[in-house]
Every structure is written in structure tokens, then in C-alpha cells.
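Everything below concerns the one structure shown next.
Protein chains: 2
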Amino acid sequence: MLKKNYKMVIAYDGTRYKGWQSQKSTDVTIQGKLNHIFSELEGEKVEVQGSGRTDAGVHAAGQVANVRLSVEKPVNEIKDYVNFYLPEDIGIMEMKEASEAFHARLSAVKKTYCYRIFNSGEPNVFERKWMYTVVEPLDVEAMQEAAVYLEGSHDFAAFCRRRSKKKSTIRTIYRLEIVRKGKEVDIIITGSGFLHNMVRILAGTLTEVGLGERKPLEVRQILESGIRENAGITLPAKGLILQCVEYET
Amino acid sequence: MLKKNYKMVIAYDGTRYKGWQSQKSTDVTIQGKLNHIFSELEGEKVEVQGSGRTDAGVHAAGQVANVRLSVEKPVNEIKDYVNFYLPEDIGIMEMKEASEAFHARLSAVKKTYCYRIFNSGEPNVFERKWMYTVVEPLDVEAMQEAAVYLEGSHDFAAFCRRRSKKKSTIRTIYRLEIVRKGKEVDIIITGSGFLHNMVRILAGTLTEVGLGERKPLEVRQILESGIRENAGITLPAKGLILQCVEYET
Chain A
1029 MLKKNYKMVI AYDGTRYKGW QSQKSTDVTI QGKLNHIFSE LEGEKVEVQG
1079 SGRTDAGVHA AGQVANVRLS VEKPVNEIKD YVNFYLPEDI GIMEMKEASE
1129 AFHARLSAVK KTYCYRIFNS GEPNVFERKW MYTVVEPLDV EAMQEAAVYL
1179 EGSHDFAAFC RRRSKKKSTI RTIYRLEIVR KGKEVDIIIT GSGFLHNMVR
1229 ILAGTLTEVG LGERKPLEVR QILESGIREN AGITLPAKGL ILQCVEYET
Chain B
1029 MLKKNYKMVI AYDGTRYKGW QSQKSTDVTI QGKLNHIFSE LEGEKVEVQG
1079 SGRTDAGVHA AGQVANVRLS VEKPVNEIKD YVNFYLPEDI GIMEMKEASE
1129 AFHARLSAVK KTYCYRIFNS GEPNVFERKW MYTVVEPLDV EAMQEAAVYL
1179 EGSHDFAAFC RRRSKKKSTI RTIYRLEIVR KGKEVDIIIT GSGFLHNMVR
1229 ILAGTLTEVG LGERKPLEVR QILESGIREN AGITLPAKGL ILQCVEYET
């Protein structure tokens, strides 16, 4: 039967999941939950293809995925069916038919992540699960100064966990903004794609700059060194959210 | 030893608690958690006095309480000590020494509650624990029209669970606003005090008006009848948040 290709925008609170990518041993992944429900609907095993993995505990407001289905239902009914069976910490925000060629991972051209820091010694009762707390005041201007060295195309080997020697560690950051909104400091990064833990290591390094533990210029030296140990700590997953994935229209 | 009286502003995510008021059989109350930590600090049993109870599952951004302590520490150290031992879903936002006469419940003159409705058929992944979902579009103007009949001093017997025949059910609502912010509709109520479940029954009745199931004028008739069965449903606790408690200065 002819299968149609559907594009979806998916939001999830990653707190209780072992990340996006389905694992044989566990159902506690976002892709696993989606695969299961779409397969029930389709009557045979189907696989949802995401724009990329997100690690355990990482959230998404705008993960994108595609799935091929032969089931004959209007797209809004499919969306409502799947949302009905999904747990309430995962939701399909948008769903529409896409071209046959659309592939959520291969067609993606830009991704934007946000790392959210609660920069206060006060309790953060309502957003504690989606922000990382830094008590000492962050110097946002110093962070912005450091961010300039990271924009553009660079070898980000120093900002990457477990690098594969075979694969390129060159990536392009189109925009890296640090924005203070009251007690919140957001690190917003748009890039062509990201290496493993890259955003969390960049955020950790920029936070050390914001705390005065490093000078902004050091970030350029770290980048040039290509040595992971020279960069800052990997900040916890809970502050990270995949905001959106962009495609050529 | 001379005891000082302290005033606190407390925030809590009420999701996993059996309400504010401590119970002998369980520690899973907000007051119970606070009593326990303050008693450890003081070295003897002390009791935190709240401005009033909140029911199981109800949240607070600005609950107010007072406690009398003889421990000799600066107030900020006391606050930090208690916040350190509190679970992360309860936090003391402010704490300061108050006059001997200050009593969080008896001195309160106004309270403001907000009932938050997510008015959309979309999933509400990140705020699902603090909002009640109504899928059909609410007619906010009709709700505002109905709200006018509720403002002022009235006998709210019809909007009250388990009324005690002995106690007065007359209360004053100083302000009742319905505000749409995108997909969110907030019912914000400031009053002299509230009967048991009063805000949740008012919110349920106003929601029925917003859905066109009742005419705005009916709200006046319900009020005049004094009969609980004439009013709308009690909306779930999770949408309700105690915003602030005001005192004469």
C-alpha cells in the first residue's frame, strides 16, 4: 500500500526519559513511545525518524521527526490519536503531510538549542526541572565576549565528548546569544549540527567565563587546542532544550 | 528565652502534597515539612502558622506564614538553612523579622488566587502540572460579564463545599478578573477570604459560562439561591495557585 510521509513537531519534558533514541532494553525513550503508538495505529512496525538524538534528561519544544504511514485517516485525526495515547510529558504539536523526500535528520539545515540557567540563590520551585541553578551572579557581557570566538565554522573537538577519530568535528555556529531575563540567563545556540554534549560543554565553559574563572579570550585558545580537558564542565542535561529544527523550504 | 517572630513568603508546587495543613498521620504536607525543619533548627517543637490552608494539589507562589524562634542567627542564615533542607518543590522566597503581634492568618486582609486554564486542544507538556485544560474555546467576555455579579460582599453559600451551618458564608470579593494570554485563560480573584473550595467552584461555574452552557446572569441567580447544586463543578486542584496574601502595613 502507498505510504505517505508525515512531518511532526514534537515537545517533551525529558526528565524521566533515557533520551530520544529507542533502546531494545527499555521503553523509556521518546522515540520508543512514538514508535509503539504509531505501530499500533498502522498495524505493523513503523519507525519514527527524529532530526537527531537528544540525551537522557534533555527536553524539546520543537524536535522534528517524520514517519511513513499507509493508514487512511486525515492527518489531524492521526495526530489526535497519537496524542491521546502518548504520556502527558510528550506531545505532537504539529503534524502535516510532507514530500516523499523529506527526512527529518538528513534534510535538517539548522538546529537551535537553549541552555537555561537560573541565576539566583532563591528556590526555583516551578521551573526546577528545566533550569540549572548558578547562585553567583553571571557576567553576561563577558559571556557574550567569549561567545563571539565560537560563532562561525570551527573544529569543535575540544567541546565534544567521546570523539570518533574518523568523523569530522567541524561544525558551524550561526548564532550564539546570551540573554538575561531577570533571574534567568539563556544561552541560545543555532548551528548546522552539534557534536555529542557540545552544547552542554559550551554552556559549561561560558558559565565559567561568566563566573570570572576564565577570561573570554581563553575560549578561543580552548577551541584552537582541540583538547576536551581544556574546556569547562559539561552542564547537567536538565537545563538543555531543543528549541527548533529548520529545513530548506 | 525571648522568641522573635518571623514572617515568610513561601512558594510550593503542591502536586505531591496532601495540602498545607500538617496531619498527624503523614509528613506529606507543606506545613509538616516546615515544622519539622524549623523544630530541628530550634531544638524544640515549633509550629509554622500559615495564612490559611491550601487543599491537596493546590500550589502557592506567595503563601505567607509566621514562626516564633529563639535561635540566634541572622534571618538570612535561618532562611538558607531551612531552604537547604526543604525538598526542591517548597521554598522560602522571603523571610524577615515581624512585629510580636504579627499573625499570618489573623492579620491577613486580602488573598489573591489564580485559576489557570490551558484553553487549547494541544498538548501542554511543560505546564501540565499547574494548569487545567479546556479544549473548547472559552468566551472570555461572557465570563467577565458573569464575574461582575460576583464582585462585592455576598453570601457565597452556593459556592462552598461542606458548609458549616454555624459559620458565616459571607465573603467579599474585591476583584475578579478573567484574562486571556494566548492559549491561557486566568481567573484571578482577590478577596477577604475564601470558603472551602470556593475558588474552584467559582472557576468551574465561570468556565461553564465561558463554554456557553450557562448565561452570565445565571451566576447571580446561583448566588441568590445559596444552593451548592445550582453552581458549576469544582475544577481540579492542580490549576489553582495562591498568588499572594496582603496585610495592613
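Protein sequence lines, in the order shown, are assigned to chains A and B.
Note that this note's numbering has the first sequence beginning at 1029, numbered continuously upward.
Note that this note's numbering has the second sequence beginning at 1029, numbered continuously upward.
Ideal placement from N, C-alpha and C gives every residue a C-beta, glycine not left out.
With 16 other Cβ atoms within 10 Å as the buried cut-off, status of residue i
| i | result |
| --- | --- |
| A:ALA1088 | buried |
| B:SER1050 | buried |
| A:ALA1129 | exposed |
| B:LYS1157 | buried |
| B:LEU1270 | buried |
| A:THR1277 | exposed |
| B:LEU1030 | exposed |
| A:LEU1062 | buried |
| B:LYS1052 | exposed |
| B:LEU1223 | buried |
| B:LEU1134 | exposed |
| A:ARG1190 | exposed |
| B:ILE1255 | exposed |
| A:GLY1210 | exposed |
| A:ILE1261 | exposed |
Listed by chain order, chain A residues near residue i by CB distance under 8 angstroms
| i | result |
| --- | --- |
| B:ASN1225 | Here the premise fails: no neighbours, minimum Cβ distance about 23 angstroms. |
| B:ALA1039 | PRO1151, VAL1153, PHE1154 |
| B:MET1121 | GLU1150, PRO1151 |
First through last residue of the alpha helix (DSSP H) which encompasses residue i
| i | result |
| --- | --- |
| A:HIS1064 | 1058 to 1070 |
| A:SER1181 | No alpha helix (DSSP H) holds A:SER1181; the beta strand (DSSP E) holding it covers 1180 to 1183. |
| B:VAL1103 | 1103 to 1113 |
Chain B residues whose Cβ lies nearer than 9 angstroms to that of residue i
| i | result |
| --- | --- |
| A:ASN1111 | GLY1149, GLU1150, PRO1151 |
Span of the beta strand (DSSP E), counted from its first residue to its last, around residue i
| i | result |
| --- | --- |
| B:GLU1125 | 1118 to 1126 |
| B:GLU1236 | Note, B:GLU1236: premise wrong, no beta strand (DSSP E); alpha helix (DSSP H) at 1226 to 1238. |
| A:LEU1251 | It is not in any beta strand (DSSP E) - A:LEU1251 instead sits in the alpha helix (DSSP H) that spans 1246 to 1253. |
| B:LEU1097 | 1087 to 1097 |
| A:CYS1272 | 1268 to 1275 |
| A:THR1218 | 1212 to 1219 |
| B:LEU1134 | No beta strand (DSSP E) holds B:LEU1134; DSSP gives it neither H nor E. |
| B:LEU1204 | 1198 to 1209 |
| A:VAL1074 | Segment: none, A:VAL1074 is in no beta strand (DSSP E) and carries neither H nor E. |
| B:ALA1039 | 1032 to 1040 |
Contact set for residue i: own chain, Cβ-Cβ below 8 angstroms, skip 5 residues either direction
| i | result |
| --- | --- |
| A:MET1159 | ARG1144, ILE1145, PHE1146, ASN1152, GLU1212, LYS1266, GLY1267 |
| A:TYR1034 | ASN1094, VAL1095, ARG1096, LEU1097, VAL1103, ILE1106, MET1123, LYS1124, GLU1125, ALA1126 |
| B:TYR1177 | PRO1244, LEU1245, VAL1247, ARG1248, LEU1251 |
| B:GLY1180 | THR1200, ILE1201 |
| A:ALA1084 | GLY1042, TYR1045, LYS1046, GLY1047, ALA1265 |
| A:VAL1074 | ASN1063, PHE1066, SER1067, VAL1095, ARG1096, LEU1097 |
Amino acids of chain B, ordered along the chain, whose beta-carbon sits closer than 7 angstroms to that of residue i
| i | result |
| --- | --- |
| A:ASP1117 | VAL1153 |
heavy atom of the ligand ZN below 6 angstroms from residue i C-beta
| i | result |
| --- | --- |
| B:ASN1225 | As far as ligands go, the structure on display features none, and thus does not contain the ligand ZN. |
Cα-Cα separation, residue i to residue j
| i | j | result |
| --- | --- | --- |
| A:GLY1080 | A:VAL1273 | 10 angstroms |
| B:LEU1245 | B:THR1233 | 12 angstroms |
| B:GLY1090 | B:PHE1112 | 19 angstroms |
| A:ALA1175 | A:CYS1188 | 17 angstroms |
| A:SER1253 | A:ILE1120 | 42 angstroms |
| B:CYS1142 | A:LYS1194 | 56 angstroms |
| A:THR1043 | B:ASN1258 | 42 angstroms |
| B:GLU1236 | B:ASN1225 | 17 angstroms |
| A:GLY1220 | A:ARG1203 | Correcting the residue type first, residue 1220 of chain A is Ser in the shown sequence and not Gly. Their backbone Cα atoms lie some 10 angstroms apart in a straight line. |
| A:MET1171 | A:VAL1162 | 14 angstroms |
| B:VAL1076 | B:ARG1208 | 36 angstroms |
| A:ALA1185 | A:LEU1230 | 11 angstroms |
| A:GLU1070 | A:LEU1114 | 15 angstroms |
| A:GLU1205 | A:ILE1038 | 24 angstroms |
| B:ILE1215 | A:GLY1240 | 44 angstroms |
| A:ILE1118 | A:VAL1056 | 12 angstroms |
| A:GLU1173 | A:GLY1238 | 10 angstroms |
| A:TYR1040 | B:GLU1100 | 47 angstroms |
| A:SER1067 | B:PHE1154 | 26 angstroms |
| A:SER1148 | A:LEU1166 | 10 angstroms |
| A:GLU1164 | B:MET1036 | 23 angstroms |
Proximal chain A residues relative to residue i, where beta-carbon distance stays under 9 angstroms
| i | result |
| --- | --- |
| B:TRP1158 | PHE1154 |
Chain-order list of residues whose beta-carbon lies under 7 angstroms from that of residue i (same chain, five-residue window excluded)
| i | result |
| --- | --- |
| A:HIS1131 | GLN1077, ASN1094 |
| A:THR1183 | The residue asked about is misnamed: residue 1183 of chain A is Asp in this sequence, not Thr. Within the same chain, A:ASP1183 has close Cβ partners THR1197, ILE1198, GLY1254. |
| B:TYR1275 | SER1135, ALA1136, VAL1137 |
| A:VAL1227 | TYR1141, TYR1143, ILE1217, LEU1268 |
| B:GLN1059 | TRP1048, GLN1049, SER1050, VAL1076, GLY1078 |
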